[in-house]
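Asker: As given, the protein sequences belong to chains A and B, one line each in that order. First residue of the first sequence? That's 6 in the working numbering, and the numbers climb one at a time after it. First residue of the second sequence? That's 6 in the working numbering, and the numbers climb one at a time after it. Ideal placement from N, C-alpha and C gives every residue a C-beta, glycine not left out.
Protein chains: 2
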Amino acid sequence: MSRIAVIGAGAVGAYYGARLAQAGHEVHFLMRRDYEAVRAHGLEVRSKDGDFRLDAPHVHQSSAEIGPVEWVVCALKATAIEEARALVEPCVDAGTRILILMNGLGLEDRFAAWFGAERIFGGLAFTCINRGEPGVIHHIDYGALAIGHVLDDPAEVATAVDLWQDAPVEVAPAPCLLEARWRKLCWNIPFNGLAVTAGGVTTDVIMHDPDLRAAAVRTMREVVAAGDADLVAHGSEVRLAPTIVEQMMATTDAMAVYRPSTMIDFVEGQPLEVEAIFGEPLRRAEVLGVPVPAIAMLTALMRALDPAGRT
Amino acid sequence: MSRIAVIGAGAVGAYYGARLAQAGHEVHFLMRRDYEAVRAHGLEVRSKDGDFRLDAPHVHQSSAEIGPVEWVVCALKATAIEEARALVEPCVDAGTRILILMNGLGLEDRFAAWFGAERIFGGLAFTCINRGEPGVIHHIDYGALAIGHVLDDPAEVATAVDLWQDAPVEVAPAPCLLEARWRKLCWNIPFNGLAVTAGGVTTDVIMHDPDLRAAAVRTMREVVAAGDADLVAHGSEVRLAPTIVEQMMATTDAMAVYRPSTMIDFVEGQPLEVEAIFGEPLRRAEVLGVPVPAIAMLTALMRALDPAGRT
Chain A
6 MSRIAVIGAG AVGAYYGARL AQAGHEVHFL MRRDYEAVRA HGLEVRSKDG DFRLDAPHVH
66 QSSAEIGPVE WVVCALKATA IEEARALVEP CVDAGTRILI LMNGLGLEDR FAAWFGAERI
126 FGGLAFTCIN RGEPGVIHHI DYGALAIGHV LDDPAEVATA VDLWQDAPVE VAPAPCLLEA
186 RWRKLCWNIP FNGLAVTAGG VTTDVIMHDP DLRAAAVRTM REVVAAGDAD LVAHGSEVRL
246 APTIVEQMMA TTDAMAVYRP STMIDFVEGQ PLEVEAIFGE PLRRAEVLGV PVPAIAMLTA
306 LMRALDPAGR T
Chain B
6 MSRIAVIGAG AVGAYYGARL AQAGHEVHFL MRRDYEAVRA HGLEVRSKDG DFRLDAPHVH
66 QSSAEIGPVE WVVCALKATA IEEARALVEP CVDAGTRILI LMNGLGLEDR FAAWFGAERI
126 FGGLAFTCIN RGEPGVIHHI DYGALAIGHV LDDPAEVATA VDLWQDAPVE VAPAPCLLEA
186 RWRKLCWNIP FNGLAVTAGG VTTDVIMHDP DLRAAAVRTM REVVAAGDAD LVAHGSEVRL
246 APTIVEQMMA TTDAMAVYRP STMIDFVEGQ PLEVEAIFGE PLRRAEVLGV PVPAIAMLTA
306 LMRALDPAGR T
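#1: In terms of DSSP beta bridges, what is Y147 of chain B paired with?
#2: Straight-line CA distance for A85 of chain A to G72 of chain A?
#3: Which chain B residues are close to T202 of chain A, counting only those with a beta carbon under 7 angstroms from its beta carbon?
#4: Which residues of chain A have a Cβ atom closer than 8 angstroms to the Cβ of R223 of chain B, listed in chain order?
#5: Does the beta carbon of V210 of chain B sit closer than 9 angstroms to a beta carbon anywhere in chain A?
#6: Where do the ends of the beta strand (DSSP E) carrying A10 of chain B lie?
#7: Relative to the C-alpha of V155 of chain A, which candidate in A:T202, A:L112, A:G47 has its C-alpha closest?
#8: Considering only the alpha carbon of each residue, which of A:L190, A:V97, A:P296 lies closest to I249 of chain A?
#9: With DSSP collapsed to three states, give me the class of H46 of chain B.
#10: With a threshold of 9 angstroms between beta-carbons, can A89 of chain A be considered close to chain B, or not?
#11: Is A220 of chain A close to chain B? Criterion is C-beta to C-beta, closer than 9 angstroms.
#12: Using a C-beta cutoff of 9 angstroms, does L217 of chain B count as contacting chain A?
#13: In angstroms with no decimal places, state the Cα-to-Cα distance between N108 of chain A and I282 of chain A.
#14: Tell me whether the region 293–308 of chain A and the region 33–53 of chain B touch, counting them as touching only if at least three CB pairs, one residue from each stretch, are closer than 8 angstroms.
#15: Just checking my contact of D235 of chain B with R244 of chain B at CB under 8 angstroms: how many whole Å lie between their CB atoms?
#16: CA-CA distance, L104 of chain A and S266 of chain A?
#17: Where A19 of chain B and V222 of chain B are concerned, what is the direct C-alpha to C-alpha distance, given to the nearest angstrom?
#18: Which first and last residues belong to the beta strand (DSSP E) in which P296 of chain A is found?
#19: Less than 8 angstroms between C-beta atoms, sequence neighbours within five positions excluded: which residues of the same chain meet that for A309 of chain B?
#20: Would you say D270 of chain A faces chain B, with C-beta separation under 9 angstroms as the test?
#21: Could you tell me the boundaries of the alpha helix (DSSP H) in which L25 of chain A lies?
#22: Would you say D39 of chain A reaches chain B, if we count a Cβ-Cβ gap shorter than 9 angstroms as a contact?
#23: Going along the chain, which residues of its own chain have a beta-carbon closer than 7 angstroms to the beta-carbon of H213 of chain A, five neighbours each way excluded?
#24: Nearest-angstrom Cα distance between V262 of chain B and P195 of chain A?
#25: Grab me the residues of V297 of chain A's own chain with a C-beta within less than 6 angstroms of its C-beta, minus the 5 sequence neighbours each way, in chain order.
#26: Alpha carbon to alpha carbon, how far is R315 of chain A from V174 of chain A?
#27: Check whether the Cβ of A149 of chain A lies closer than 9 angstroms to any Cβ atom in chain B.
#28: Please report the residue range of the beta strand (DSSP E) in which W317 of chain B lies.
#29: Using the Cα positions of D270 of chain A and F131 of chain A, report the straight-line distance between them to the nearest angstrom.
#30: Whole angstroms are fine: how far does the CA of R115 of chain A sit from the CA of R288 of chain B?
#31: Under 8 angstroms Cβ-Cβ, which residues of chain B neighbour V206 of chain A?
#32: Alpha carbon to alpha carbon, what distance is there between P95 of chain B and A259 of chain A?
#33: Quick one: is L199 of chain A near chain B, going by C-beta distance under 9 angstroms?
#34: Comparing C-alpha positions only, which one of B:V11, B:W169, B:H143 sits nearest to Q66 of chain B?
#35: Run down chain B in chain order and give the residues with a C-beta less than 8 angstroms from the C-beta of D258 of chain A.
#36: So which of B:Q252, B:A179, B:A313 has the shortest CA-CA distance to L277 of chain B?
Quick look at the structure:
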């Protein structure tokens with residue numbers, strides 16, 4: 006059993022942290038909004054796979070209180086990337102591994118620069134999770150995790166997957182982390198983007214509106230083109246699956262009515278994860294000369310709509 | 006001097022109608038929102054070229070009350086196109102000419118089908134005009150009018166331009182009405198579209214934000230490509246000016262802080278002129294096989310953001 010720190014216990018951090026605790030790990034949650042509620046009443050997960058509750062999880066208001074751990078799961082919002090180093094550092098010693106469970110491209114490279122690449126992993130949550138009232142997480146649909154290593158070291162990937170062995174989460178190794186990141190962007194760019202720019206709508210609205218649906222497909226095809234070009238540029242022989250657009254659309258058709266995280270941030274007036282999800286992929290596409298007019302349009306609009314300005 | 010009916014006296018109709026009245030024409034305004042205010046206090050134009058007021062203009066609540074005229078100036082919102090025939094008809098007799106002073110593509114064709122093509126003209130207002138409190142029009146910037154004939158009959162165009170001879174409005178003949186319509190769309194599609202989808206912003210915000218500005222240019226280039234293809238398809242030898250994008254951007258840089266009409270509709274929760282400004286140009290581009298991803302994205306978002314649904 007491992008000692009684990011979950012840094013940033015929003016919906017994703019709290020959910021996967023709770024699953025690790027279910028598996029018997031000693032999980033320490035760094036919490037802001039929900040600290041008091043979870044200390045008083047525990048952490049409740051209302052899941053399509055069955056509800057459960059951690060009655061007395063370890064919750065903390067500072068990372069120093071947690072101290073060094075074997076695994077850090079960093080699930081901060083990408084908008085908090087500049088604070089991430091200071092929040093993670095107190096939990097890191099020589100043997101600590103760090104799993105970045107955040108949206109967007111390029112975040113692992115920041116952590117690699119801060120803490121050394123060999124210990125940095127990226128996690129991709131293909132799931133629908135939202136926060137409810139303080140202390141309550143709604144696990145709405147799906148839930149699989151893909152985990153890769155920033156240097157694509159297969160032994161390290163296996164170690165990371167191993168951590169989840171007894172947790173009721175479907176975990177797949179991502180042999181190429183960059184491919185996995187772009188695969189997730191294939192969904193996040195069109196759906197987080199359109200859910201916000203169409204006025205704050207749920208995914209089903211996009212799927213049932215022929216114009217928005219077509220815009221989602223067009224945007225996703227641009228993400229595929231940009232992702233494949235980025236993989237080539239990084240010397241990878243991996244490519245995004247040729248059927249990925251059809252797969253993603255089918256998955257989203259089958260999805261419960263869902264509010265993408267960025268759409269929730271938008272309607273709540275919170276900073277949007279613009280640069281990690283949109284800005285960095287757009288920058289890479291432009292450098293690589295891949296035409297991405299739909300991504301560029303969405304990025305421009307997301308930046309304009311972001312209450313935090315450029316983040 | 007001519008007897009003229011202005012059908013739909015929003016900002017554009019009231020402003021240009023007032024200019025025709027200044028020139029000595031007998032101008033009858035069909036008014037809704039401003040009827041009582043204008044009857045009580047007249048029609049006031051606060052213009053960058055000097056304020057003026059019509060103390061007792063002819064205002065009406067029904068077209069039948071106006072009866073047949075020499076010229077109808079139809080300045081309804083494009084969203085009211087289905088009501089336009091009934092509103093215009095009572096003012097039309099054998100000799101009536103009809104000037105369509107509305108935004109968008111394809112509207113003259115509707116009027117031509119209803120009343121016969123030979124009497125139908127299109128007017129393009131390159132101007133910044135907003136409504137103020139009831140009975141007050143703000144003329145903020147520019148003001149030129151281009152007028153064409155739906156059959157591009159030069160003698161008819163000259164007759165239409167002649168109507169404005171004594172009015173303090175710069176009126177230019179549009180030898181090719183289709184080119185003039187696309188020229189106006191070069192501005193309306195990017196700027197009305199981005200002003201709405203970026204959250205309800207003024208034109209200066211678009212011009213000063215490098216991303217939105219780039220999106221405006223990209224979108225405008227698509228409009229130029231679609232417009233030129235549409236001109237070819239209509240057998241016209243006219244093309245949009247090669248420098249039009251640079252011209253439009255320079256004009257907009259020099260423009261006062263401006264709220265495009267669709268942006269005002271958006272923030273006021275009114276129906277948006279989506280189909281005339283976006284939908285019809287997009288349809289033509291798609292039929293002609295012109296790639297217009299930015300226009301398609303804006304159209305999808307505008308339809309989704311339109312409080313009236315598809316209009």
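Answerer: Straight from the coordinates:
#1: B:T132
#2: 20 angstroms
#3: T202, L306
#4: P298, A301, M302
#5: yes
#6: 8–12
#7: A:L112
#8: A:L190
#9: helix
#10: no
#11: yes
#12: yes
#13: 6 angstroms
#14: no
#15: Wrong, their Cβ atoms sit about 11 angstroms apart, outside the cutoff.
#16: 20 angstroms
#17: 32 angstroms
#18: Here P296 of chain A belongs to no beta strand (DSSP E), and DSSP marks it neither H nor E.
#19: none
#20: no
#21: 16–27
#22: no
#23: none
#24: 32 angstroms
#25: E227, A231, A290
#26: With a pLDDT of 48 at R315 of chain A, under the threshold of 50, the modelled position of this residue cannot be trusted; read the value that follows with caution. One C-alpha to the other measures close to 35 angstroms.
#27: no
#28: Residue 317 of chain B is absent from the model: chain B starts at 6 and stops at 316.
#29: 19 angstroms
#30: 45 angstroms
#31: A309
#32: 54 angstroms
#33: yes
#34: B:V11
#35: In chain order: nothing, as chain B lies at least about 18 angstroms away.
#36: B:A313
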